[in-house]
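In what follows, a structure is listed as structure tokens, so that the remarks can point back to it.
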Amino acid sequence: MTTTDAADIRRSVPADIGYFDPQVFEDLGIVQTVVARGTIYVSGIAPLTVGESGLEPVASSFDEQLDFTLEVLDRSLQAVGGQRSGLVAWTIYTTDMAGLAAAAPILKAWVGAHRPTSTWVTVAGLIHPQQKLELTATAVC
Numbered sequence: 001m002t003t004t005d006a007a008d009i010r011r012s013v014p015a016d017i018g019y020f021d022p023q024v025f026e027d028l029g030i031v032q033t034v035v036a037r038g039t040i041y042v043s044g045i046a047p048l049t050v051g052e053s054g055l056e057p058v059a060s061s062f063d064e065q066l067d068f069t070l071e072v073l074d075r076s077l078q079a080v081g082g083q084r085s086g087l088v089a090w091t092i093y094t095t096d097m098a099g100l101a102a103a104a105p106i107l108k109a110w111v112g113a114h115r116p117t118s119t120w121v122t123v124a125g126l127i128h129p130q131q132k133l134e135l136t137a138t139a140v141c
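In terms of full-length UniProt numbering, the sequence shown is residues 1 to 141.
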């Protein structure tokens, strides 16, 4: 049996990636990224920002929400020494499967030649009622 020393695991909430304030992650008891033995795990990225009245969607259209989510994924990977070419898997949760299917060309263009494995899941709802998707990802450094 192999054990992992806590020193082999780096947990972080990059403050400069244009996403939630680190306090949001602290309040939820989670982190944005974990790097363990050369593998990067990225928490669910929601197309939301924190506004005066709490969480607010960045846009109303599926494609705009997806674009924001992919930008945050890119910056999250870069913040811990990764890059999109190291992406090996992602799971996309959506309340709008037709919108996700129509956005497949956006996903394909974003990953380029470095295609990951993928799972798409329809869900009844997400943390904000106007949120259309959330994405988790795994990459290698």
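Think of the CB as a built atom: it goes at the ideal place given N, C-alpha and C, for glycine as much as any other residue.
Around residue 97, the same chain offers 120 and 122 as residues with beta carbons nearer than 8 Å, after the five sequence neighbours per side are excluded. In this model, residue 70 and residue 27 are separated by some 24 Å (Cα to Cα). In the same chain as residue 91, and ignoring 5 residues on each side of it, the C-beta atoms closer than 6 Å to its own belong to 119 and 136, in chain order.
The beta carbon of residue 44 lies closer than 6 Å to those of 134 and 136 in the same chain, with the five residues before and after it left out. In the three-state DSSP reduction, residue 79 falls in the helix class (H, G or I). Shown here for residue 82: same chain residues with a beta carbon closer than 6 Å to its own, the five before and five after excluded, namely 40, 139 and 141 in chain order. When rounded, the separation of the alpha-carbon atoms in residue 99 and residue 112 is 20 Å. For residue 111, the enclosing alpha helix (DSSP H) has its first and last residue at 104-111.
A Cβ-Cβ contact shorter than 8 Å links residue 68 with residue 59. Rounded to whole angstroms, the Cβ separation of residue 6 and residue 127 is 30 Å, and the two are not in contact under 8 Å. Linking residue 109 to residue 51 through their CA atoms gives a straight-line distance of about 31 Å. With respect to the C-alpha of residue 114, the residue from 89, 57, 25 and 103 having the closest C-alpha is 89.
Around the beta carbon of residue 103, 16 or more other beta carbons sit within 10 angstroms, so the residue counts as buried.
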